[in-house]
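So the protein lines, in turn, are chains A and B.
Residue 70 in our numbering sits at position 70 of the first sequence, and the numbers go up by one each step.
Each number in our numbering corresponds to the 1-based position in the second sequence with 129 added.
Working notes, structure below.
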Amino acid sequence: MITARYHREIPQRYRLEASKCLKCGHINFPPRLLCPECKTNKFETIKLSDEGKLLTFTVVRVSSDRFSKETPFAVGIVELNDSVKVTTQIADVDVDELKIGQRVKLIFRKIQDDGKAGIHCYGYKAIAI
Amino acid sequence: MRDVVVIGAGMTKFGELWGKSIKDLFVEAATKAIENAGVDHIDSMYAGAMSSGLFIGQEHLGAVMADYLGVNPIPATHVESACASGGVAFRQAFLEVASGVSDIVLAGGVEKMTDGADVTDVLATAADQEYEVFHGITFPGLYAMIAQAHMHQYGTTREQLAAVAVKNHRNGAKNPNAQFRNEVTAEQVMNSTMVSDPLRLLDCSPVSDGAAAVIVATMDVAKKLNKNLIRVLASSQASDTIALHGRKSLTTLNSVVKAAEKAYKMADKKPTDMNVVEVHDCFTIAEIVATEDLGLFEKGKGGEAAANGWTSIECKMIPVNTSGGLKSKGHPVGATGIAQVIELYEQLNGACGARQVPNAHVGMAQNMGGSGASCVVHILEAI
Chain A
1 MITARYHREI PQRYRLEASK CLKCGHINFP PRLLCPECKT NKFETIKLSD EGKLLTFTVV
61 RVSSDRFSKE TPFAVGIVEL NDSVKVTTQI ADVDVDELKI GQRVKLIFRK IQDDGKAGIH
121 CYGYKAIAI
Chain B
130 MRDVVVIGAG MTKFGELWGK SIKDLFVEAA TKAIENAGVD HIDSMYAGAM SSGLFIGQEH
190 LGAVMADYLG VNPIPATHVE SACASGGVAF RQAFLEVASG VSDIVLAGGV EKMTDGADVT
250 DVLATAADQE YEVFHGITFP GLYAMIAQAH MHQYGTTREQ LAAVAVKNHR NGAKNPNAQF
310 RNEVTAEQVM NSTMVSDPLR LLDCSPVSDG AAAVIVATMD VAKKLNKNLI RVLASSQASD
370 TIALHGRKSL TTLNSVVKAA EKAYKMADKK PTDMNVVEVH DCFTIAEIVA TEDLGLFEKG
430 KGGEAAANGW TSIECKMIPV NTSGGLKSKG HPVGATGIAQ VIELYEQLNG ACGARQVPNA
490 HVGMAQNMGG SGASCVVHIL EAI
């Protein structure tokens, strides 16, 4: 991954920074230039809750080449306590034990390697709590 | 708006066509369509393709195809809307004729997927690269998450998913252009290799090469050529968040709901008026959700409808994917939306042989991109 492209997303991937619309209160993750709900452009930066529940999940057994050494791995959609939803891997779990509705927490993990000479890419993964 | 009529169609066989290039595929389909229409020229053309840049390193497809089709200097435009590229190309051709700008327009679609690209990676570019794909999700994975949520919310079963694949293979076995002309059993589907739980290999549409093209024209042109009049009653398109997780519901595809609502209104038809429907069954769950969101069945009943055979040709209730669908006919991504229109064109012309729906007068095609961020719906009627 190009370093600049990776660098731009660090506030979101490392710190869960989101933008909250000052007019309607809608939370955008990642931040946007326009609020999709009320179309205004004034926001405050907030940090998302790192806990939530699993809305759905799958176990990826056939991946793109980039993730082929990681298979099988679980990916799910988590609804955080502030209602924001994110797609994330679910780590440190027996994939057969996963259940819709279970509580999870986002933690800081390595997500992928950019080949032998590229950078390590970090971000959030969910674990069961 | 002027009335628009489909006056000709042509397609390649779909499959792993290693001996044919993307140009060979498109020109074969386009030539067949032009010959089938019986026109001596086209005013303009569109080429739908999802990602020739990543699949084979070739962009600027409008110009490439106009050159190889020998129709320079007419306007030629590449249309991209992920897996809905073909359907949107058809819509552009429709709009160009309806608006009065052109009288005879070719809408084609093509994809060359077997030239060695990492297909899973290329297809994933239709999702949110930074907030979905970065985390390792794939397209089977996204639809698997829709399936899990649908099973959890509505009680949809593994057997119901399999019923979609069984039915579509049964139809595809009767389609000479299909990639897979073999029937499968529910047991084979449910014992096939797991790709992304709960979706198995036989829940997934294949990687395919192929092209399809149609000619649309004014009513005057169609009448002069003495054609059966297959009129485009409605063309509609809708969008939704690029990321699946951005949606209010994980089990309803709002772009399908909205595109369908607009199409029914434009056509002055309702779901029960449809005699034949082609839906975007990139995965078995996608057909179940699409048949619900198009209003063919009550929300949550799509799985039951498939398992009860309500979508089969024999049942005569509402035959879905008589062509074999993406599942059995194949899914050369950019060609799919056009191939769906061709199935309707042939059904409405009574030209589908063993898979013909008796007395088919009105048909609908639903083509979508990504996990539902784009959807395009067309309704055709034989008049």
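Using N, Cα and C, we set each Cβ at its ideal position, and we do this for glycine too.
In this text the structure is predicted, and so the values were computed from the model without any measurement.
In angstroms with no decimal places, state the Cα-to-Cα distance between ARG329 of chain B and VAL361 of chain B. 36 angstroms
Does GLN185 of chain B come within less than 8 angstroms of chain A when only Cβ atoms are used? Looking at the sequence itself, residue 185 of chain B is Ile, so the reference to Gln does not match. Contacts with chain A at 8 angstroms (Cβ-Cβ) do not include ILE185 of chain B.
Which word fits TYR14 of chain A, buried or exposed, when buried means at least 16 other C-beta atoms lie within 10 angstroms of its C-beta? exposed
So for ILE111 of chain A, helix, strand or coil by DSSP? strand
Between which two residues does the beta strand (DSSP E) containing ARG360 of chain B stretch? 359 to 368 is the extent of the beta strand (DSSP E) around ARG360 of chain B.
Quick one: which unbroken alpha helix (DSSP H) runs of 4-plus residues sit fully inside the segment 432 to 465 of chain B? Chain order, please. 454 to 458
Taking only three categories from DSSP, how would you classify ARG103 of chain A? strand
Start-to-end residues for the beta strand (DSSP E) that takes in ASN496 of chain B: 491 to 498
Test: LYS53 of chain A CB closer than 8 angstroms to a CB of chain B: no
Name the chain A residues whose beta carbon is nearer than 8 angstroms to that of SER325 of chain B? THR58, VAL59, VAL60, ARG61 and VAL62
I'd like the span of the beta strand (DSSP E) that includes SER19 of chain A, first residue to last. 17 to 21
Quick check on the DSSP output: the alpha helix (DSSP H) that includes MET280 of chain B runs from which residue to which? Segment 268 to 283, the alpha helix (DSSP H) holding MET280 of chain B.
At a CB distance below 7 angstroms, what residues from the segment 77 to 111 of chain A approach chain B? Give them in sequence order. ILE77, LYS85, VAL86, THR87, THR88, GLN89, ILE100 and ILE111
So who's on the other strand from PHE73 of chain A, going by DSSP bridges? A:VAL60
Could you pull out every residue in the same chain whose Cβ sits closer than 6 angstroms to the Cβ of THR286 of chain B, ignoring the five residues on either side in sequence? none
For VAL86 of chain A: DSSP bridge partner residues: Beta-bridge partners of VAL86 of chain A (DSSP): A:VAL78.
Pairwise C-alpha distance: ALA419 of chain B and THR515 of chain B: Residue 515 of chain B lies beyond the stretch modelled for chain B, which goes from 130 to 512, so this question has no answer here.
Assigned secondary structure, LEU509 of chain B (DSSP; H/G/I helix, E/B strand, else coil): Per DSSP, reduced to three states, the secondary structure at LEU509 of chain B is strand.
Contact check, ILE90 of chain A vs PHE57 of chain A under 8 angstroms by CB: the rounded distance? 6 angstroms
Residues near THR381 of chain B by beta carbon distance below 8 angstroms, same chain, minus five either side: VAL418, GLU421, ASP422 and LYS428
Which value, in whole angstroms, describes the spacing of the CA atoms of LEU455 of chain B and ALA307 of chain B? 9 angstroms
6 angstroms Cβ shell around GLY137 of chain B - same chain, five flanking residues per side excluded: ALA162, ASN165, ALA166 and ILE344
Can you tell me where the beta strand (DSSP E) holding HIS207 of chain B begins and where it ends? 205 to 208
Is THR243 of chain B near VAL336 of chain B, with beta carbons less than 8 angstroms apart? yes
On the criterion of 16 or more Cβ atoms from any shown chain inside 10 Å, does GLY186 of chain B qualify as buried, or is it exposed? exposed
Roughly how many angstroms separate the alpha carbons of LYS241 of chain B and MET194 of chain B, rounded to a whole number? 14 angstroms
Separation of VAL385 of chain B from LEU290 of chain B, as counted between CA atoms: 19 angstroms
Give the DSSP-derived three-state secondary structure of ARG287 of chain B in the structure shown. helix
Quick check on this structure: which residue in B:ASN304, B:SER214, B:GLU225 and B:ASP153 has the alpha carbon closest to the alpha carbon of LEU129 of chain B? This structure does not reach residue 129 of chain B, given that chain B is present from 130 up to 512, and the question cannot be answered.
If you draw a straight line from the C-alpha of GLN495 of chain B to the C-alpha of VAL168 of chain B, how long is it? 28 angstroms
Report all residues from its chain with a CB closer than 6 angstroms to the CB of ASN383 of chain B; omit the five preceding and five following residues, and keep chain order. If we look at ASN383 of chain B and ignore the five residues flanking it on each side, its Cβ neighbours are ASP369.
At a CB-CB cut-off below 9 angstroms, which residues of chain B make contact with GLY123 of chain A? PHE263 and HIS264
Does DSSP put TYR124 of chain A in a helix, a strand or coil? Residue state, collapsed to three classes: strand.
Length-filtered (3 minimum) beta strand (DSSP E) runs lying within the segment 295 to 381 of chain B: 323 to 325, 338 to 347 and 359 to 368
So the candidates are B:GLU225, B:ALA159, B:PHE184 and B:GLY229; which of them puts its Cα closest to the Cα of LEU198 of chain B? B:ALA159
Just to check my reading of the structure: VAL506 of chain B and ALA392 of chain B have Cβ atoms closer than 8 angstroms, yes? What is that Cβ distance to the nearest angstrom? Their Cβ separation, rounded to whole angstroms, is 4 angstroms, which keeps VAL506 of chain B and ALA392 of chain B in contact under 8 angstroms.
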